[in-house]
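Notes to accompany the following structure.
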Amino acid sequence: MDATMPSVLRTTVDDDLFIRMDRALGVPVVNQAVWRLHSLPSDAELDRLAQRLAVGRIGRLLRRSSLPLVRDHWVAEPTRSGGRVVDDTPVPAGGVTAWIDAAASTRFDLTEGPVWELRSAPLEQGGAIVTLCVAHAAGDGALIVRAILDALSGDDVGRFEARSPSVFEQARDATGQAAAITTNLAALATDLVTRRVRRDPDQTTTPAAVTAKTSRTVDVDPTAAENDGALAPLCITSVPTEAWRAVAAEAGGSSNALFVAIVLGIIVASGRVGADDTVRISIPMSLRTPDDDRANATTGLSLDIPASAALEKDLGVIRALAKEVYAVGTGRPSTFVRLQPAMQALSDRTVAALSGGATTPLALASNLGTLDGQFAGLGDPDRANGVVTRSTTQAVTAEKLRSLRGGLAAWTNEACGITTLSVIGLDPDGLGRSTLPDIVHAEFARWSLEPEDW
29 MDATMPSVLR TTVDDDLFIR MDRALGVPVV NQAVWRLHSL PSDAELDRLA
79 QRLAVGRIGR LLRRSSLPLV RDHWVAEPTR SGGRVVDDTP VPAGGVTAWI
129 DAAASTRFDL TEGPVWELRS APLEQGGAIV TLCVAHAAGD GALIVRAILD
179 ALSGDDVGRF EARSPSVFEQ ARDATGQAAA ITTNLAALAT DLVTRRVRRD
229 PDQTTTPAAV TAKTSRTVDV DPTAAENDGA LAPLCITSVP TEAWRAVAAE
279 AGGSSNALFV AIVLGIIVAS GRVGADDTVR ISIPMSLRTP DDDRANATTG
329 LSLDIPASAA LEKDLGVIRA LAKEVYAVGT GRPSTFVRLQ PAMQALSDRT
379 VAALSGGATT PLALASNLGT LDGQFAGLGD PDRANGVVTR STTQAVTAEK
429 LRSLRGGLAA WTNEACGITT LSVIGLDPDG LGRSTLPDIV HAEFARWSLE
479 PEDW
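Those letters in the sequence shown? Residues 29 to 482, by the numbering used here.
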């Protein structure tokens, strides 16, 4: 085969998860990055950025497979994958979150396009706001950061090229997937036998960490259904990074430990867990490598933290437990991971039928770390005034959220001296539109932090 011919890029099991959320379950997930800037980039700058994004790693569309076992694949599509939208009306001081939500409500089409949108608007009080929304199936948070940096670089770095496979390549993929499914199912059986052999009936075990399935249920909020079809409630706050780090150091921990503690404090305050519980926090970990074209390259770690560590402000405990988890990494693949290749071979209808009882994490905490100044200022670090990232579901009802048993999802980053935290409430009763902001603000106050709301 011609060495210069673009490669075939199959969907990963992580891509497939978000494809099925969209196509099988009707709950599409969108990734969003938002820049608050001291000044609005020129039209020429934003046009150039959009043009380069279109030929970069998010400039793709999905091609579904109708052949047994054969995975879907991505193709480069610079003309239909996305584009730029200009909002000329200034956004009022109290309307920033609503504008962000409206941008994230844009409906995407994984096969026909668009799968991304760049949108900008001036702010009434001065400055500007810019957002990039990407269908999660087409790109995770790390890919969005990479795509923006590539687009700002001024050359062809990160140009995305992918083609449809030949008949021979389709047959080879089916064979490979059959082998992967067989291997994983065999390993799953071995894991089951090993666990049974090793189990000691006389051994005392520590109580299991509270998860979404085992967490408490709070009283139903009768007003929650009024927001059916709207995005999950969002709260965004920023504090000076210097102040954030000082509070973390005083409590014996790191910036990340403080972030985890705040997430844990919020979920306790919601009523979903108790002060004596050990709570499972889901931590996304990027597996992305340089020049990695995969749409999603993330795995998940489970961090089991006693709620008392957050409530007593003992960040040393959280930091130590987190270090242990990061050192071990993913370890032995979970049952869910073993089953993913088989799930990828199922039809959308079958996936939908099997999805009953599925849950989302009780608490997800994603830390993007320190962001590049060029990224934070969209090419000019001097105009950076805060960056926020998040994922959100579209067109979800209160009843659906209750069935998924989620609690909250939170993201944080440091950019140009500002630490920003965004929280979405996935429990319409405990962390709904009327309660989430107050709970978040109370938790910041408990740590003597004075945040600025977006």
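Idealized CB from N, CA, C, for every residue including glycine. In this text the structure is predicted, and so the values were computed from the model without any measurement.
Just list the residues that DSSP pairs residue i with in beta bridges.
{"i": "Val291", "result": "Paired residue(s): none; Val291 is not in a bridge."}
{"i": "Asp398", "result": "Reading the sequence as shown, one finds Thr at residue 398 and not Asp. The partner list for Thr398 (beta bridge, DSSP) reads Glu442."}
{"i": "Leu286", "result": "BP columns for Leu286 are empty, so no partner."}
{"i": "Gln422", "result": "The partner list for Gln422 (beta bridge, DSSP) is empty, contrary to what the question assumes."}
{"i": "Asn212", "result": "Paired residues: none, contrary to the question."}
{"i": "Gly453", "result": "Leu436"}
{"i": "Asp481", "result": "Thr265"}
{"i": "Arg112", "result": "Leu146"}
{"i": "Ala156", "result": "Leu65, Pro150"}
{"i": "Val57", "result": "Thr421"}
{"i": "Val416", "result": "Val62"}
{"i": "Arg300", "result": "Beta-bridge pairing links Arg300 to no other residue."}
{"i": "Val41", "result": "BP columns for Val41 are empty, so no partner."}
{"i": "Ser35", "result": "Ala190"}
{"i": "Thr218", "result": "Beta-bridge pairing links Thr218 to no other residue."}
{"i": "Val119", "result": "Leu151"}
Expressed to the nearest angstrom, what Euclidean distance is found between the alpha-carbon atoms of residue i and residue j?
{"i": "Leu331", "j": "Ala338", "result": "13 Å"}
{"i": "Ala236", "j": "Ala121", "result": "45 Å"}
{"i": "Arg418", "j": "Ala126", "result": "14 Å"}
{"i": "Leu37", "j": "Glu480", "result": "42 Å"}
{"i": "Thr245", "j": "Ile294", "result": "15 Å"}
{"i": "Asp408", "j": "Gly154", "result": "17 Å"}
{"i": "Asp249", "j": "Ala381", "result": "29 Å"}
{"i": "Leu45", "j": "Gly385", "result": "16 Å"}
{"i": "Asp490", "j": "Arg85", "result": "Residue 490 lies beyond the residue range present for the chain, which begins at 29 and ends at 482; the question has no answer from this structure."}
{"i": "Thr232", "j": "Asp305", "result": "Residue placement at Thr232 is flagged as unreliable, the pLDDT there being 48, under the threshold of 50; the coordinate-derived value follows with that caveat. Cα to Cα, the separation comes out at about 18 Å."}
{"i": "Ala252", "j": "Leu464", "result": "12 Å"}
{"i": "Val416", "j": "Val195", "result": "43 Å"}
{"i": "Asp484", "j": "Thr327", "result": "The requested residue 484 is not part of the displayed model; the chain covers only 29 to 482."}
{"i": "Arg91", "j": "Pro193", "result": "10 Å"}
{"i": "Thr218", "j": "Thr363", "result": "11 Å"}
{"i": "Glu442", "j": "Leu449", "result": "9 Å"}
{"i": "Thr420", "j": "Pro96", "result": "32 Å"}
{"i": "Asp455", "j": "Gly435", "result": "5 Å"}
{"i": "Ile47", "j": "Val62", "result": "23 Å"}
{"i": "Ala207", "j": "Gly453", "result": "40 Å"}
{"i": "Pro261", "j": "Ala289", "result": "21 Å"}
{"i": "Arg486", "j": "Glu278", "result": "Within the shown structure, residues of the chain are numbered from 29 to 482, placing residue 486 beyond reach of any answer."}
{"i": "Val275", "j": "Val57", "result": "34 Å"}
{"i": "Val124", "j": "Ala82", "result": "26 Å"}
{"i": "Asp71", "j": "Thr159", "result": "15 Å"}
{"i": "Asp376", "j": "Val55", "result": "13 Å"}
{"i": "Thr32", "j": "Arg191", "result": "12 Å"}
{"i": "Ala170", "j": "Thr210", "result": "31 Å"}
{"i": "Glu427", "j": "Ala202", "result": "38 Å"}
{"i": "Leu220", "j": "Ser314", "result": "28 Å"}
If contacts are defined as beta-carbon pairs under 8 Å, then residue i and residue j qualify, I think. What distance do you get, rounded to the angstrom?
{"i": "Asp100", "j": "Thr39", "result": "4 Å"}
{"i": "Ala350", "j": "Ala285", "result": "7 Å"}
{"i": "Leu343", "j": "Gly281", "result": "2 Å"}
{"i": "Gln444", "j": "Gly401", "result": "Checking the sequence shown, residue 444 turns out to be Cys, not Gln. Right, the Cβ-Cβ distance comes to about 6 Å (below 8 Å), so this counts as a contact."}
{"i": "Val301", "j": "Val238", "result": "5 Å"}
{"i": "Thr387", "j": "Arg461", "result": "About 22 Å; that fails the 8 Å criterion."}
{"i": "Ala52", "j": "Val379", "result": "4 Å"}
{"i": "Val291", "j": "Glu478", "result": "Their Cβ separation, rounded to whole angstroms, is 19 Å, which puts Val291 and Glu478 out of contact at 8 Å."}
{"i": "Ala163", "j": "Arg366", "result": "Contact doesn't hold; Cβ gap of about 27 Å is too wide."}
{"i": "Pro312", "j": "Ser394", "result": "5 Å"}
{"i": "Ala78", "j": "Arg108", "result": "Not confirmed; about 13 Å, so no contact."}
{"i": "Gly257", "j": "Ala423", "result": "6 Å"}
Is residue i near the ligand GTP, going by C-beta to nearest heavy atom under 8 Å?
{"i": "Gln368", "result": "Looking at this structure, you won't find the ligand GTP or any other ligand, since it has none at all."}
Within a Cβ cutoff of 7 Å, which residues of the same chain sit near residue i, ignoring the five residues on either side of it in sequence?
{"i": "Arg474", "result": "Gly293"}
{"i": "Gln372", "result": "Val41, Asp44, Arg99"}
{"i": "Glu189", "result": "Pro34, Ala104"}
{"i": "Ser93", "result": "Arg99, Asp100"}
{"i": "Glu73", "result": "Gly407"}
Quick one: what's got a C-beta closer than 6 Å to residue i's C-beta in the same chain, skipping five residues either side?
{"i": "Leu392", "result": "Ser310, Ala437"}
{"i": "Ala149", "result": "Asp115, Val119, Ile157"}
{"i": "Gly458", "result": "Val246, Ser298, Gly299, Arg300"}
{"i": "Leu68", "result": "Pro150, Ala156"}
{"i": "Trp439", "result": "Ser394, Thr417, Arg418, Ser450"}
{"i": "Arg174", "result": "none"}
Counting contacts by CB-CB distance shorter than 9 Å, is residue i in contact with chain B?
{"i": "Asp408", "result": "Absent from the structure is chain B; it holds one protein chain and no more."}
Going along the chain, which residues of its own chain have a beta-carbon closer than 8 Å to the beta-carbon of residue i, five neighbours each way excluded?
{"i": "Ala303", "result": "Val296, Ala335, Ser336, Leu339"}
{"i": "Gln205", "result": "Leu97, Val98, Arg99, Pro369, Gln372, Ala373"}
{"i": "Ala240", "result": "Thr387, Thr388, Pro389, Leu390, Leu432, Arg433, Gly434, Gly435"}
Considering only residues of the stretch 303-385, which uninterrupted alpha helix (DSSP H) runs meet the minimum length of 4 residues and lie entirely inside it, listed in chain order? 335-339, 343-356, 363-372, 376-382
Contiguous alpha helix (DSSP H) assignments of at least 4 residues, all confined to the stretch 60-104: 71-82
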